[in-house]
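See the structure below:
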């Protein structure tokens, strides 16, 4: 399988509609990126959960998922499940984020996600970040919306295990959820690993990708 590698990766934007979205969808990728690039700047924006225990969980979790990074996290207070009714506030938050960073990569939800908050955020991203590589992560859920992703980040077995351990440690409010368990997280990572010829992987959707194959 051909692989594209980033020669320069200094700034990342990570986006989530809810606290835990980023970690579930791209936690292994963040661990991998931060291990290889100490001092990486990560601007993270989460649209809901601000002022609650969920915000505290998110700060602790992303700090653990981004070791050694220059992490800048903002958690807003938009109501869960109501993003379409708060389009302007979400759009403004993305525009403010765009004004202060020019990222090399964006990690966020993808437009095919069945959850209206995830899908709405994904649709807003290219309105603020028009010329940026965006990888849309996936979150397993009862809707059955897992598709056919086009990009894969292989995860070493120890990284996949660390991702699961950190999720369980830092999001105690979600432990009662039927989908929040080792089998769900590792099972999906194993399937995506099979698809890309590795043991484990996280998979992503992308709308547009420009290649630079000239070298030099």
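Residue numbers (the working numbering): 247 to 462. Quick reminder that beta carbons are idealized off the backbone N, C-alpha and C, glycines included.
Look at the beta carbons and you see the region 378-385 touching the region 447-459: at least three pairs across the two are nearer than 8 Å. Its Cα nearest to that of residue 275, the residue 404 stands out among 293, 378 and 404. A residue is called buried when at least 16 other Cβ atoms come within 10 angstroms of its Cβ; residue 409 meets this threshold and is buried.
Runs of beta strand (DSSP E) with 3 or more residues, each lying fully within the region 390-450, are found at 397-401, listed in chain order.
For residue 292, the uninterrupted beta strand (DSSP E) run begins and ends at 287-292, by DSSP. The region 304-318 makes contact with the region 258-271: 3 or more CB pairs, one atom from each, lie closer than 8 Å.
Shown here, residue 355 sits in a strand according to DSSP, grouped into three states. The region 392-400 makes contact with the region 435-449: 3 or more CB pairs, one atom from each, lie closer than 8 Å.
DSSP lists 290 and 353 as the bridge partner or partners of residue 260. In the same chain as residue 273, and ignoring 5 residues on each side of it, the C-beta atoms closer than 6 Å to its own belong to 311 and 409, in chain order.
For residue 324, no pairing in a beta bridge is given by DSSP. Secondary structure of residue 316 (DSSP, three-state): strand.
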